[in-house]
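To start, the structure itself, in structure tokens.
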Amino acid sequence: MTAVEQSLPEQNHQPKTIYLKDYQVPDYLVKTTDLRFEIYDGETIVSAMLDLYRNPAATTAATQLRLHGADLELISISLDDKVLTPADYEFGEESLTLFNTPETFKLLTITKIKPEANTSLEGLYRSRTMYCTQCEAEGFRKITYYLDRPDVMSEFTTTVVADKKYPVLLSNGNLLEQGELDNNRHYAIWHDPFKKPAYLFALVAGDLAHIEDSFTTCSGREVALKIFVEPKDLDKCDHAMTSLKNSMRWDEEVYGREYDLNIFMIVAVDDFNMGAMENKGLNIFNTSCVLAKPETTTDAGFQRVEGVVAHEYFHNWSGNRVTCRDWFQLSLKEGFTVYRDAEFSADMGSRTVKRVEGVTLLRTLQFAEDAGPMAHPIRPESYIEISNFYTMTVYEKGAEIIRMLATLLGKDNFRKGTDLYFDRHDGQAVTTEDFVAALADASGRDLTQFKRWYSQAGTPRLEVTDHYDEDAQEYRLTFKQSCPATPECQHKLPFHIPVAMGLLGSAGDLPLYLKDAEPDFETSDNTYKVLELTQAEQSFVFQRVQEKPVPSLLRGFSAPVKLHYHYSRADLVLLMSRDSDGFNRWEASQQLGLAAIYTAMQHYQQGGDLSGWVLDADLIEAYRSVLQDESLDQAMVAYMLSLPSEAYLSELAEVVDVEAIHYSRLAVRKALAHALRDEFVRIYNAYNHQQAYRVTADAIASRSLKNVALAYLILLNDETLIRACEQQYRTSNNMTDVMAALTQLVNSESSLGQGLAENALADFYQRWQHESLVVNQWLMVQASCSLPNTLAKVKALLEHPGFDGKNPNKIRALIASFCNSNAINFHANAGAGYQFLADQIIQLNRQNPQIASRLLTPLTKWKKYNSQQQTLMKAELERIMAEPQLSKDVFEVVSKSLA
Numbered sequence: 001m002t003a004v005e006q007s008l009p010e011q012n013h014q015p016k017t018i019y020l021k022d023y024q025v026p027d028y029l030v031k032t033t034d035l036r037f038e039i040y041d042g043e044t045i046v047s048a049m050l051d052l053y054r055n056p057a058a059t060t061a062a063t064q065l066r067l068h069g070a071d072l073e074l075i076s077i078s079l080d081d082k083v084l085t086p087a088d089y090e091f092g093e094e095s096l097t098l099f100n101t102p103e104t105f106k107l108l109t110i111t112k113i114k115p116e117a118n119t120s121l122e123g124l125y126r127s128r129t130m131y132c133t134q135c136e137a138e139g140f141r142k143i144t145y146y147l148d149r150p151d152v153m154s155e156f157t158t159t160v161v162a163d164k165k166y167p168v169l170l171s172n173g174n175l176l177e178q179g180e181l182d183n184n185r186h187y188a189i190w191h192d193p194f195k196k197p198a199y200l201f202a203l204v205a206g207d208l209a210h211i212e213d214s215f216t217t218c219s220g221r222e223v224a225l226k227i228f229v230e231p232k233d234l235d236k237c238d239h240a241m242t243s244l245k246n247s248m249r250w251d252e253e254v255y256g257r258e259y260d261l262n263i264f265m266i267v268a269v270d271d272f273n274m275g276a277m278e279n280k281g282l283n284i285f286n287t288s289c290v291l292a293k294p295e296t297t298t299d300a301g302f303q304r305v306e307g308v309v310a311h312e313y314f315h316n317w318s319g320n321r322v323t324c325r326d327w328f329q330l331s332l333k334e335g336f337t338v339y340r341d342a343e344f345s346a347d348m349g350s351r352t353v354k355r356v357e358g359v360t361l362l363r364t365l366q367f368a369e370d371a372g373p374m375a376h377p378i379r380p381e382s383y384i385e386i387s388n389f390y391t392m393t394v395y396e397k398g399a400e401i402i403r404m405l406a407t408l409l410g411k412d413n414f415r416k417g418t419d420l421y422f423d424r425h426d427g428q429a430v431t432t433e434d435f436v437a438a439l440a441d442a443s444g445r446d447l448t449q450f451k452r453w454y455s456q457a458g459t460p461r462l463e464v465t466d467h468y469d470e471d472a473q474e475y476r477l478t479f480k481q482s483c484p485a486t487p488e489c490q491h492k493l494p495f496h497i498p499v500a501m502g503l504l505g506s507a508g509d510l511p512l513y514l515k516d517a518e519p520d521f522e523t524s525d526n527t528y529k530v531l532e533l534t535q536a537e538q539s540f541v542f543q544r545v546q547e548k549p550v551p552s553l554l555r556g557f558s559a560p561v562k563l564h565y566h567y568s569r570a571d572l573v574l575l576m577s578r579d580s581d582g583f584n585r586w587e588a589s590q591q592l593g594l595a596a597i598y599t600a601m602q603h604y605q606q607g608g609d610l611s612g613w614v615l616d617a618d619l620i621e622a623y624r625s626v627l628q629d630e631s632l633d634q635a636m637v638a639y640m641l642s643l644p645s646e647a648y649l650s651e652l653a654e655v656v657d658v659e660a661i662h663y664s665r666l667a668v669r670k671a672l673a674h675a676l677r678d679e680f681v682r683i684y685n686a687y688n689h690q691q692a693y694r695v696t697a698d699a700i701a702s703r704s705l706k707n708v709a710l711a712y713l714i715l716l717n718d719e720t721l722i723r724a725c726e727q728q729y730r731t732s733n734n735m736t737d738v739m740a741a742l743t744q745l746v747n748s749e750s751s752l753g754q755g756l757a758e759n760a761l762a763d764f765y766q767r768w769q770h771e772s773l774v775v776n777q778w779l780m781v782q783a784s785c786s787l788p789n790t791l792a793k794v795k796a797l798l799e800h801p802g803f804d805g806k807n808p809n810k811i812r813a814l815i816a817s818f819c820n821s822n823a824i825n826f827h828a829n830a831g832a833g834y835q836f837l838a839d840q841i842i843q844l845n846r847q848n849p850q851i852a853s854r855l856l857t858p859l860t861k862w863k864k865y866n867s868q869q870q871t872l873m874k875a876e877l878e879r880i881m882a883e884p885q886l887s888k889d890v891f892e893v894v895s896k897s898l899a
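Under UniProt numbering, residues 1 to 899 are what the sequence shown spells out, in order.
What follows is the structure, encoded as structure tokens:
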């Protein structure tokens, strides 16, 4: 018999909303799970033997068991060796319910699945030369009938059987046995001694090569490390292996966490919805997050590999050994682990640069999410499809909440708190309250008010005013906090907000003498302090202040808030040049850039001409001083010279004026290019273009600054400079410099640049057409081109052999890049971009609902645009909503956007 296939909601059927308040413990638990996979071309037979027992914590004595299942064909089902008949069970939507179940029993189900036809890339599916799994959040139910929820943890033993043309057979844990069978088949048996929920299950079967190494843990155990890839990619694994070993060492030193199995494995998969997955002992990665070598990978790609390898490894404790009770607690593992991987990357490279990158992402994307229809607390109260809540809020804002806790508690108390958390809850599925309680108990701090960060959505706003009393030599800072209303909460209670700060005088940092507080000379020079805001309005008075200071507020971006303080241009120049906090030096440069762009925007919106736009002399000198400051990290100079992005400018706007933002920002960039031409030429020429590639922080910084200089110089439309750019494309020995040059040629406004770009694009594809990840970069640079007619080129690329409409990486590279990163073209042509995106979403809705849902983001922001754009964007959302078979993923986002 065939189970009811997963239903897709009809147009008049609204999917069920799941609420945190309705959580109940499972009626049954699974002691052991024994799985056997018989993999054949076209179908796989899955046998699952579950040792079940009634949950002693259940509120009622259940007499039936409801298992999750989707897209499964049930071959047979037995309870304690008795074959069940249809009278003993019934099918529901994504469920199989058994009647009259005893206290304890063994359940054997045999199901048939078709991985080759599984385009959702959830559960077991085929990608190129291998079979692989993705089970988070609810993909395991597409493999077999099970209690597919994170609070059901079981000990897994997995037998994988396949033809020998798939020589590599992997699953979680340690390898128990392997051998040969008849008919050219073979098997491998894996056992994971640590209890885990089904979402952490993994299986891989394929024709793969691998590199291997080992790591000796702090207790002296030797762990085998293996990275499996397609044979053609074997030369791209060394950086991931180095990153893995660095991660293991760092987690021991910083958190005291030792790895627990005999082997740790990574597998690179080309078709993958996410970046990577932390399955116990067998991490499955998107190829973009594990493969790297200088000829094919940019600096950003190398850094991404390092960060993602670390992130997934750190999950072994913050997510696997201690996991989530339910999916509302997702940030318990993701926010904590994002914070951990960010700190690791900061220790591996430049701490200030890493912080700038993280805050840029947060303020551009997460703040926009907080202000949009999908706004939700870090711990949501409800969802329709959990896949929609793998969001910037859960991950990035979740990490900021952990960072604030670390700031408030201090390094030693934070470590004591995490040690207590891991020791207290090892092997358990827990909640965010459990995490905060461990930190509170270990530190003795009352964190009751702080927990509002987990339950209140939105980005708090801090209004700061000050007053200097010259006679009393006292300086008062007054903070007012507020948070915009969101659907789930109209009135927000005050947050507990740490504000790291200092005061600057004409000579630099001033000592801080906070009234009624002891100065800190033991651990610092007393120029840095963390103020704790707990009230709607709060003042702090500093004494012995001998001159009117400039406040350096929110140092290191100590809280995810929008800060409003009226800095003069002179204040910002002082902060940019003299602040001891690297982040706030960068922030001052961004504020100066914003002011310059806003001035140009006002001129543009009043009908003024921006050609030949000139900046004020003092502003030019401020940027020139940065270029000439040899004490600064070159990466920081590059960031300080990079103006706020169009996406960030849009996030700040009440009503987004796409054209004004684009052309005003471009005018300011051109003005800087003209004014600082000599400095940019000096930087570009000083770089040794023939030096060997190194993936060190200094080398990355040097390339970054040189390519920022190139980006400015190309704006001058000087033939000599354009040809120098083309020369860089032709002769560079690394993909960072190749892509930097190609990007500038593709976006060049000159006919010479466009001609060279056309030739370079053809040459690039010819050279790299067999390297999928490199082709993704080729698609992305074209989709992101800000010149007119880009939409037509994107549509043409949909038919190009380098594009694959079933591969998430290709979809992100072409479609998402155009719609998310090319505002001037996406919003042009009377809504043609909106129609294009809606067409793609409708097509992907049944093929891969997760990817379809994530593509919706640009349309969800329709209320931020002018009335004409609103009408056109809303019409496309309504067209999507009218589709007769809409996935839960897409339905949730569209319905909330239209609400």
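Each residue gets a CB set at the ideal place from its N, CA and C atoms; glycine is no exception.
To the nearest angstrom, report how far apart residue 401 and residue 874 are at their CA atoms. 34 Å
Terminal residues of the continuous beta strand (DSSP E) containing residue 509? Where residue 509 is concerned, the enclosing beta strand (DSSP E) stretches over 508-510.
Count the other CB atoms, across all protein chains shown, that sit within 10 Å of the CB of residue 521; report buried if there are 16 or more and exposed otherwise. It counts as exposed.
With a CB to CB cut of under 6 Å and the five nearest residues on each side skipped, what residues in its chain are close to residue 312? 276, 278, 283
Would you list, in sequence order, the uninterrupted beta strand (DSSP E) runs of no fewer than 3 residues that lie entirely inside the stretch 246-293? 263-269, 282-286
May I ask you to verify whether the stretch 745-759 touches the stretch 314-324, counting CB pairs closer than 8 Å and requiring at least 3? Result no; under three Cβ-Cβ pairs closer than 8 Å.
Thinking C-beta only, is residue 48 closer than 8 Å to residue 157? Cβ distance not < 8 Å, so residue 157 and residue 48 don't count as in contact.
Excluding the five sequence neighbours on either side, which residues of its own chain have a C-beta within less than 7 Å of the C-beta of residue 434, listed in chain order? 425
Distance, Cα to Cα, residue 337 vs residue 439? 16 Å
Three or more C-beta pairs below 8 Å linking the stretch 447-455 and the stretch 337-349: no
Endpoints, alpha helix (DSSP H) assigned at residue 590: 582-605
In this structure, does DSSP put residue 819 in helix, strand or coil? Secondary structure of residue 819 (DSSP, three-state): helix.
Looking at C-alpha atoms only, which residue of 332, 393, 365, 363 is the closest neighbour of residue 377? 393
Does DSSP put residue 656 in a helix, in a strand, or in coil? coil
May I ask you to verify whether the stretch 822-839 touches the stretch 348-359, counting CB pairs closer than 8 Å and requiring at least 3? Per the Cβ contact rule, the stretch 822-839 is not in contact with the stretch 348-359 (fewer than 3 Cβ pairs under 8 Å).
Who does residue 174 pair with in a DSSP beta bridge? 191
Out of 81, 496, 549, which one is the CA nearest neighbour of residue 508? 549
From what residue to what residue does the beta strand (DSSP E) around residue 545 run? Run containing residue 545: none; DSSP gives neither H nor E here.
Please classify residue 885 as buried or exposed, where buried requires at least 16 neighbouring CB atoms within 10 angstroms. exposed
Residue(s) in a DSSP beta bridge with residue 126: 131
Report the rounded CA-to-CA distance for residue 87 versus residue 99, giving the unit in angstroms. 9 Å
Would you kindly report the start and end of the unbroken alpha helix (DSSP H) that includes residue 376? Premise fails: residue 376 is in no alpha helix (DSSP H) and is neither H nor E.
Beta-carbon gap between residue 531 and residue 501 smaller than 8 Å: yes
Could you name the residues that DSSP lists as bridge partners for residue 881? DSSP, once it has assigned bridges, lists no residue as partnering residue 881.
Kindly indicate which three-state DSSP category residue 393 falls into: helix, strand or coil? helix
Which class does residue 315 belong to by DSSP, given the choice of helix, strand or coil? coil
For residue 861, three-class secondary structure by DSSP: coil
Endpoints, the beta strand (DSSP E) within which residue 158 is located: 154-163
Does the separation of the CB atoms of residue 465 and residue 486 fall below 8 Å? The answer is no: Cβ separation not under 8 Å.
Backbone CA spacing between residue 681 and residue 713 [nearest angstrom]: 8 Å
Burial state of residue 788, where buried means 16 or more other Cβ atoms lie within 10 Å: exposed
Does the stretch 510-518 touch the stretch 396-412, meaning 3 or more C-beta pairs lie closer than 8 Å? no
With the cut-off set at 8 Å, would you say residue 891 and residue 384 are in Cβ contact? yes
Apart from the five residues on each side of it in sequence, which residues of its chain come closer than 8 Å, Cβ to Cβ, to residue 657? 601, 605, 866
Does residue 696 pass the burial test, meaning 16 or more other C-beta atoms within 10 Å, or should it be called exposed? exposed
Where does the unbroken beta strand (DSSP E) through residue 66 begin, and where does it stop? 64-68
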